[in-house]
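Novice: Chains A and B, in that order, give the protein sequences.
Residue numbers for the first sequence follow our numbering, so the first one is 1 and each next one is one higher.
Residue numbers for the second sequence follow our numbering, so the first one is 377 and each next one is one higher.
The structure follows.
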Amino acid sequence: MASVKLTNVVKIYDNNVTAVHDFNLDIKDKEFVVFVGPSGCGKSTTLRMIAGLEEISGGTVEIDGEVVNDLQPKDRNIAMVFQNYALYPHMTVYDNIAFSLRLQKMPEDEIYEKVTQAAEILGITEYLMRKPRALSGGQRQRVAIGRAMVRNSKVFLMDEPLSNLDAKLRNQMRAEIILLRQRLDTTFIYVTHDQTEAMTLGDRIVIMKDGYIMQVGTPEEVFDRPDNLFVAEFIGAPKMNIMKTKLVEEGGEFYVTPFGSKIKVDGEKGRLLKEKGVKPGEVLLGVRPEHMVLADAADAGAISAKVEVNEMMGSELHLHVFTEDGTRLIVRIPTIGLTHEQRESLVNGHELKVSFEGKVMHFFDPETEKNLLYGE
Amino acid sequence: MSSGPTLEKRHMGMTAANRLSNTVIYIILIVMSIIWLAPFVFIVMQSFRVESTWMTGYVMPQKWGFDNYIALGKTDFWHWYTNTFIIALFTAALQTVIVLCMSYTLSRFRFKMRQPLMKFMLILGLFPGMLTMIILYRVLKDLGMTQDNAVPGLILVYIASSGMGYYVSKGFFDTVPKALDEAARIDGATRAQVLWKIILPMAKPIVIYTILTAFMGPWGDFVFARYISMNSTAGMNVAVGLQSWLTLDQINSRYTMFCAGGVIVAIPVTILFMCLQRYYVEGVTGGAVKG
Numbered sequence: 001m002a003s004v005k006l007t008n009v010v011k012i013y014d015n016n017v018t019a020v021h022d023f024n025l026d027i028k029d030k031e032f033v034v035f036v037g038p039s040g041c042g043k044s045t046t047l048r049m050i051a052g053l054e055e056i057s058g059g060t061v062e063i064d065g066e067v068v069n070d071l072q073p074k075d076r077n078i079a080m081v082f083q084n085y086a087l088y089p090h091m092t093v094y095d096n097i098a099f100s101l102r103l104q105k106m107p108e109d110e111i112y113e114k115v116t117q118a119a120e121i122l123g124i125t126e127y128l129m130r131k132p133r134a135l136s137g138g139q140r141q142r143v144a145i146g147r148a149m150v151r152n153s154k155v156f157l158m159d160e161p162l163s164n165l166d167a168k169l170r171n172q173m174r175a176e177i178i179l180l181r182q183r184l185d186t187t188f189i190y191v192t193h194d195q196t197e198a199m200t201l202g203d204r205i206v207i208m209k210d211g212y213i214m215q216v217g218t219p220e221e222v223f224d225r226p227d228n229l230f231v232a233e234f235i236g237a238p239k240m241n242i243m244k245t246k247l248v249e250e251g252g253e254f255y256v257t258p259f260g261s262k263i264k265v266d267g268e269k270g271r272l273l274k275e276k277g278v279k280p281g282e283v284l285l286g287v288r289p290e291h292m293v294l295a296d297a298a299d300a301g302a303i304s305a306k307v308e309v310n311e312m313m314g315s316e317l318h319l320h321v322f323t324e325d326g327t328r329l330i331v332r333i334p335t336i337g338l339t340h341e342q343r344e345s346l347v348n349g350h351e352l353k354v355s356f357e358g359k360v361m362h363f364f365d366p367e368t369e370k371n372l373l374y375g376e
Numbered sequence: 377m378s379s380g381p382t383l384e385k386r387h388m389g390m391t392a393a394n395r396l397s398n399t400v401i402y403i404i405l406i407v408m409s410i411i412w413l414a415p416f417v418f419i420v421m422q423s424f425r426v427e428s429t430w431m432t433g434y435v436m437p438q439k440w441g442f443d444n445y446i447a448l449g450k451t452d453f454w455h456w457y458t459n460t461f462i463i464a465l466f467t468a469a470l471q472t473v474i475v476l477c478m479s480y481t482l483s484r485f486r487f488k489m490r491q492p493l494m495k496f497m498l499i500l501g502l503f504p505g506m507l508t509m510i511i512l513y514r515v516l517k518d519l520g521m522t523q524d525n526a527v528p529g530l531i532l533v534y535i536a537s538s539g540m541g542y543y544v545s546k547g548f549f550d551t552v553p554k555a556l557d558e559a560a561r562i563d564g565a566t567r568a569q570v571l572w573k574i575i576l577p578m579a580k581p582i583v584i585y586t587i588l589t590a591f592m593g594p595w596g597d598f599v600f601a602r603y604i605s606m607n608s609t610a611g612m613n614v615a616v617g618l619q620s621w622l623t624l625d626q627i628n629s630r631y632t633m634f635c636a637g638g639v640i641v642a643i644p645v646t647i648l649f650m651c652l653q654r655y656y657v658e659g660v661t662g663g664a665v666k667g
């Protein structure tokens, strides 16, 4: 249980590549923070700097108020779960979990108690005497978690722990990590490239790109009020539709005009546009696929498009459509509201109209890609 | 059903071809083993011959006995043998530690001079070790480690450059995932503990290989041992000592003892290989990380 504070942390590799730029973050005690971003964004590097596996080129890392820059990993009182499990192949599961405790010179009977308890929680008791090679991927990852669990460390670090598991197992383990977190009640830092994991696990999400923090916020914040275009597109699946369009002002009201349509920016977004003093002109308009709806064919203000691909997901349809100028958009439609005829008709080449309300619109500056309504 | 006979025929054909190639291979192998084994058989036979201590025109002894082996006890043989054993044992122990530490360092640590150092050692290794003989003798003589005191001197010579033999074990360490080191370091292990508790247990075949090669070098060495001991009977190793019996004035009376000595020299190495060979085939890294 500890707070973690990163101040102006920089990582420059020997070949002068800067992997992390000026990283500032305050992680509160018992908080679950997720670093998320595409590969090469510096999220793992940052985690490894906190763990002490990577040298810190600049800035300071504090754990529980103590600067740990020059401490060895073993002196930082952290636990870590690796993507590839990193189990000791020549030891049994029991010995793997007991390894750190033995290094602490803990009495064997205490070790026994701790290991069996952890094994019970993780459901791996029957495998304790096996070698890692005799375990499945999911079981191995449980052992890796068990190894980290028994240490009672201040901070729990996880580096893409679920990436090597198949989709079904990943969902199951994700839920188990939530349970584990409730049980351990310690500070978690979790790295993933999967935005779903980030959204479901994190108290706060740190979205990174090319070594820079793009946004730090709760799952609601980053989803509803993305600071910039990158965050808007990264969070949410399928990703947000971005349309290059003109913002026009008529009679004190704002309208957007994507692909020859004309849709009023009503409600809070319209009010915010006025408040922020946004000038009419070119903007990037973002609308999430689930916020788009099929409009009436007679709706003159809606966007005309043609179906290209129809993905049936079960509870919903993902319609990939293209507009008159060839721009591709994705529309998510719950299947429950569709009649059988409608479902059948949404085939390749089918013409339809899509629309959306003002409250679901996101506006970004075409130059800076910053959110025009939120942020400074 | 119709393809049955054809398949069978083809199968038969393949068996015949296999049998032929196997026969050829076996003949070649048998000839090779005869060529290899003949000298050993010859030496063993000579060592058991009692009727003459000089060379004979036949291989099988006419009179068998342990006379030659017993006679070794009245010479310096066992002194030389002990010398060689001490040298080989110390060299094997020290060289193994040095090589493994060196390999682990070069495999895991990233320091500024790492690449230049490795290149430097590669180039240095291209020069024959004999080149250093004269200067080594000079240095050891000044340290008082030649002739009668050749044993510590030889140990020094053999382990001096052993760090350069890191290639094989570094190659193995490179294949051990770094995540294992990292996991162990986070678990509270020091770098040394990582090496001894995590890496080496997995690297048993390489450790055995390193010990074997480190033992074999000094065990069979002649050139350096001869040079550093410089005609001092007390400082000779077994190879140099035995060779000293092959002079014109001694060879008549000691030829069969020479053979007996040779057989005794081969015994510990043979035992060592027989005990340790099973580790060569053991694979131990399965299940460490996701492949």
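Built from N, CA and C at the ideal position, the CB exists for glycine as well.
Counting only Cβ-Cβ distances shorter than 8 Å, please list the residues of the stretch 556-570 of chain B near chain A, keeping chain order.
Specialist: Within the stretch 556-570 of chain B, the residues whose Cβ lies closer than 8 Å to some Cβ of chain A are L556, E558, A559, A560, R561, I562, D563, G564, A565, T566 and Q569, listed in chain order.
Novice: Output, in chain order, the set of chain B residues within a Cβ distance shorter than 8 Å of I78(A).
Specialist: Result: I562.
Novice: State yes or no: is the beta carbon of V660(B) nearer than 7 Å to at least one beta carbon in chain A?
Specialist: Unreliable placement is indicated for V660(B), whose pLDDT of 44 sits below 50; the coordinate value is still reported in the next sentence. Closer than 7 Å to some Cβ of chain A, the Cβ of V660(B) qualifies, so yes.
Novice: So, is T551(B) buried or exposed, given that buried needs 16 or more other C-beta atoms within 10 angstroms?
Specialist: So T551(B) counts as exposed.
Novice: Would DSSP call W430(B) helix, strand or coil?
Specialist: Of the three classes helix, strand and coil, the one that applies to W430(B) here is coil, per DSSP.
Novice: Would you check whether the ligand HEM has a heavy atom nearer than 6 Å to the C-beta of N96(A)?
Specialist: Of ligands this structure carries none, so the ligand HEM is not represented either.
Novice: Is the beta carbon of G42(A) closer than 7 Å to that of G211(A)?
Specialist: Yes, the Cβ-Cβ distance between G211(A) and G42(A) is below 7 Å.
Novice: Roughly how many angstroms lie between the CA atoms of I410(B) and L588(B), to the nearest whole one?
Specialist: So the two alpha carbons sit approximately 26 Å from each other.
Novice: Would you mind sorting G667(B) into buried or exposed? The rule is 16 or more other CB atoms within 10 Å of its CB.
Specialist: Note that G667(B) scores 40 on pLDDT, short of 50, meaning its location in the model is unreliable; the coordinates nonetheless yield the value given after this. By the neighbour-count rule (16 or more Cβ atoms within 10 Å), G667(B) is not buried but exposed.
Novice: Quick check on DSSP: helix, strand or coil for P258(A)?
Specialist: Reduced to three states, the DSSP call for P258(A) is helix.
Novice: Against chain B, with Cβ distances strictly below 7 Å, would P107(A) count as a contact?
Specialist: P107(A) does not count as touching chain B.
Novice: For I403(B), count the other beta carbons within 10 Å of its own beta carbon; 16 or more makes it buried, fewer makes it exposed. Which is it?
Specialist: Exposed is the call here.
Novice: Out of curiosity, what's the CA-to-CA distance linking M208(A) and T92(A)?
Specialist: Answer to the nearest angstrom: the Cα atoms are 38 Å apart.
Novice: Could you compute how far the alpha carbon of R484(B) sits from the alpha carbon of D185(A)?
Specialist: Straight-line Cα distance between these residues: approximately 35 Å.
Novice: Under 7 Å between the Cβ atoms of W412(B) and N628(B)?
Specialist: The answer is no: Cβ separation not under 7 Å.
Novice: Quick one: using the 10 Å Cβ neighbour count with 16 as the cut-off for buried, is G637(B) buried or exposed?
Specialist: G637(B) should be labelled buried.
Novice: Could you tell me if W595(B) is buried or exposed, where buried requires 16 or more neighbouring beta carbons within 10 angstroms of its beta carbon?
Specialist: Burial call: buried.
Novice: Taking N140(A) as part of the alpha helix (DSSP H), name the residues at either end of that continuous run.
Specialist: According to the sequence displayed, residue 140(A) carries Arg and not Asn. Its alpha helix (DSSP H) spans residues G137 to M149.
Novice: Shortest alpha-carbon distance to I381(A) belongs to which of M199(A), N164(A) and H193(A)?
Specialist: For chain A, the structure presents residues 1 to 376; residue 381(A) sits outside this window and is missing.
Novice: Note down, in chain order, each residue of its chain lying with its Cβ closer than 6 Å to the Cβ of L162(A), except the 5 sequence neighbours on either side.
Specialist: For L162(A), where only same-chain residues beyond five positions count, the Cβ hits under 6 Å are R170 and M173.
Novice: What did DSSP end up calling H419(A) once you bin it into helix, strand or coil?
Specialist: For residue 419(A) there is no data in the structure shown, the boundaries of chain A being 1 and 376.
Novice: What are the partner residues of F32(A), as DSSP defines its beta bridges?
Specialist: BP columns for F32(A) point to F188(A).
Novice: So, helix, strand or coil for G554(B), using DSSP?
Specialist: For clarity, residue 554(B) is Lys in the given sequence; the question names Gly instead. Of the three classes helix, strand and coil, the one that applies to K554(B) here is helix, per DSSP.
Novice: Suppose only complete runs of 4+ residues qualify. What are the alpha helix (DSSP H) ranges in the stretch 556-612 of chain B, listed by chain order?
Specialist: You should have 580-596 and 599-605.
Novice: With a CB to CB cut of under 7 Å and the five nearest residues on each side skipped, what residues in its chain are close to I111(A)?
Specialist: Counting only Cβ-Cβ distances below 7 Å, and skipping sequence neighbours, we find A98, L101 and R102.
Novice: Could you check what DSSP says for R332(A) in three-state terms: helix, strand or coil?
Specialist: Three-state result, R332(A): strand.
Novice: Using CA atoms only, rank isn't needed, just tell me which of L448(B), A447(B), K450(B) and V417(B) is closest to A437(B).
Specialist: Sequence inspection shows Pro at residue 437(B); the Ala mentioned does not correspond to that position. Considering only alpha carbons, the answer is V417(B).
Novice: I need the straight-line Cα distance from A590(B) to C477(B), nearest angstrom please.
Specialist: Answer to the nearest angstrom: the Cα atoms are 15 Å apart.
Novice: Quick one, are the C-beta atoms of L128(A) and Y94(A) less than 7 Å apart?
Specialist: Result yes, Cβ atoms of L128(A) and Y94(A) sit closer than 7 Å.
Novice: Classify D524(B) as helix, strand or coil using the three-state DSSP reduction.
Specialist: Helix at D524(B).
Novice: What are the start and end residues of each continuous beta strand (DSSP E) run of 3 or more residues lying completely inside the stretch 198-275 of chain A, in chain order?
Specialist: The stretch 198-275 of chain A contains these whole beta strand (DSSP E) runs: 204-209, 212-217, 241-250 and 253-256.
Novice: Mind checking if N15(A) is an interface residue toward chain B, Cβ cutoff 7 Å exclusive?
Specialist: No, no contact with chain B.
Novice: Which residues, in order along the stretch 30-60 of chain A, keep a beta-carbon less than 7 Å from a beta-carbon of chain B?
Specialist: Flagged, chain order: A51 and L53.
Novice: Just verifying my parser: in three-state terms, what is the DSSP assignment at N348(A)?
Specialist: DSSP places N348(A) in coil when its eight states are reduced to three.
Novice: Measuring only between beta-carbons, confirm whether I410(B) sits less than 7 Å from chain A.
Specialist: Closer than 7 Å: no.
Novice: Please go through the same chain and pick out, in chain order, the residues whose beta-carbon is closer than 8 Å to the beta-carbon of D29(A), but skip the five residues on each side of it.
Specialist: Excluding positions up to five away in sequence, the list reads M1, A2, S3 and T187.
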